[in-house]
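**Q** Numbering (the working numbering), first residue to last: -14 to 404. Please read through the structure below; I'll follow up with questions.
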């Protein structure tokens, strides 16, 4: 079939790759000048099955309330007159029960494990090089109550196949010696040896080049204006004043997908969660981590990307605002200095922020929409890089009329309402 994929981030490009492999004729439209220049540009760099505990969990409401007055809070809801945020927040609260959290962990682990296998197979097939490291991900804790909660979450993840094991402070430092100076702060950790890290932007651009070599057409600098629907089906995409027509359309525009679909009467529970990052060039004598680390209490991750350290995280719910907040930027480098006092930057940190497409459950929306020839691949939140290959491969199966491999809750699902 002839397909148009909307969006050239890591999710859109992986979708294009697997659709082209399945024999389809694919065109990708994106408003930027190249692939991977928005949310995929400078994210945390983790392939993290172990990040399966959703933000919406039984502990989240009280924590979010406590953090509301802190400008540097790990999870910050800005009070604003925004009907979409209010609706999203109410759905978020409904997902905070123990039963919903357990089911959402199962969904996330299932898709993330499949996606990690797909990424590894793709890397073996193509020899893509994107500063990837296969040294696992270490979650560290500096609060005993947080650690106790994490032990429970890790046990649930192990039930569903994610080998996230609890480790002592001594084991944390043995896994990543750069944490030695932070020993007095630590109370324990969790380690997932099979998790990985790597540069999502480099990966996306290299895979886009391989897609083009397969015959995928990329149209950059083309902003998608609207979808034309005739007789209940998408008849074309109007982008930069030009009509693009295909048999099937895939919406992979991240946080902007709901804005495109709302005029069609499709209301997606996806809201932008602004995340921040700092990329720190390292001097030769820096004592910096090479194992990717998640500081769960601060919702900050650290990933080694060549001779740089990527520090990323937090979530700010503030609409489609993409301004850099100085306080939140400084919180990243401040925490890095506390955990790694011998970090010696070779130059100033490069700060960035991006809008991650979050669902209330942290479970993405993948599959057919209420319009028969319009498919979705969005809502991955902080796990777009982790889930990209699995989401793209599963979507290609669905579009091609095959049953996708993972036992994930693909669209259309019973009880899900687009209106």
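We treat Cβ as the ideally placed atom computed from N, Cα and C, and that holds for glycine. All values derive from a computational prediction rather than experimental measurement.
Quick one: what does DSSP say residue 89 is sitting in, helix, strand or coil?
**A** Here residue 89 sits in helix by DSSP.
**Q** Pull the bridge partners of residue 330 from the DSSP assignment, please.
**A** Partner(s): 267.
**Q** With a threshold of 16 other CB atoms inside 10 Å of the CB of residue 274, please say whether the residue is buried or exposed.
**A** buried
**Q** Let me know the secondary structure DSSP gives residue 309 once reduced to three states.
**A** coil
**Q** Note down, in chain order, each residue of its chain lying with its Cβ closer than 7 Å to the Cβ of residue 221, except the 5 sequence neighbours on either side.
**A** 213, 228, 229 and 230
**Q** Using DSSP with H/G/I as helix, E/B as strand and the rest coil, what is residue 67?
**A** Secondary structure at residue 67: coil, using DSSP grouped into helix, strand and coil.
**Q** Between the stretch 326 to 337 and the stretch 246 to 253, do at least 3 Cβ pairs fall closer than 8 Å?
**A** A contact is defined here as three or more CB-CB pairs under 8 Å, and the stretch 326 to 337 fails this definition with respect to the stretch 246 to 253.
**Q** From residue 146 to residue 33, what distance separates their C-alpha atoms?
**A** 13 Å
**Q** Can you pull the DSSP bridge partners for residue 261?
**A** 298 and 338
**Q** If you follow the alpha helix (DSSP H) that residue 48 is in, where does it begin and where does it stop?
**A** 45 to 52
**Q** Cα separation between residue 225 and residue 187?
**A** Their backbone Cα atoms lie some 27 Å apart in a straight line.
**Q** For residue 268, which of 64, 261, 134 and 331 has the nearest alpha-carbon?
**A** 331
**Q** Suppose the cutoff is 8 Å on Cβ atoms and the five residues either side in sequence are ignored; what does the same chain contact list for residue 245 look like?
**A** -9, 209, 211, 212, 236 and 238
**Q** According to DSSP, is residue -4 part of a helix, a strand, or is it coil?
**A** In the structure shown, residue -4 falls within a helical segment according to DSSP collapsed to helix, strand and coil.
**Q** Between the Cα of residue 65 and the Cα atoms of 344, 352, 304 and 254, which residue gives the shortest distance?
**A** Nearest of 344, 352, 304 and 254 to residue 65, Cα basis: 304.
**Q** Between the beta-carbon of residue 90 and the beta-carbon of residue 38, is there less than 8 Å?
**A** yes
**Q** Would you mind giving the Cβ-Cβ distance between residue 376 and residue 382, rounded to the nearest angstrom? I have them listed as a contact below 8 Å.
**A** Not confirmed; about 11 Å, so no contact.
**Q** Touching or not, the stretch 259 to 268 and the stretch 333 to 342, by the rule of three or more beta carbon pairs under 8 Å?
**A** yes
**Q** What does the Cβ neighbour count give for residue 301, buried or exposed, with the cut at 16 atoms within 10 Å?
**A** buried
**Q** Thinking C-beta only, is residue 57 closer than 8 Å to residue 207?
**A** no
**Q** Following the continuous alpha helix (DSSP H) through residue 407, name the residue where it begins and the one where it ends.
**A** Residue 407 lies beyond the stretch modelled for the chain, which goes from -14 to 404, so this question has no answer here.
**Q** For the stretch 123 to 170, list the alpha helix (DSSP H) runs that are entirely contained and at least 4 residues long, ordered along the chain.
**A** 129 to 144 and 154 to 160
**Q** For residue 122 and residue 183, I'd like the C-alpha separation in whole angstroms.
**A** 12 Å
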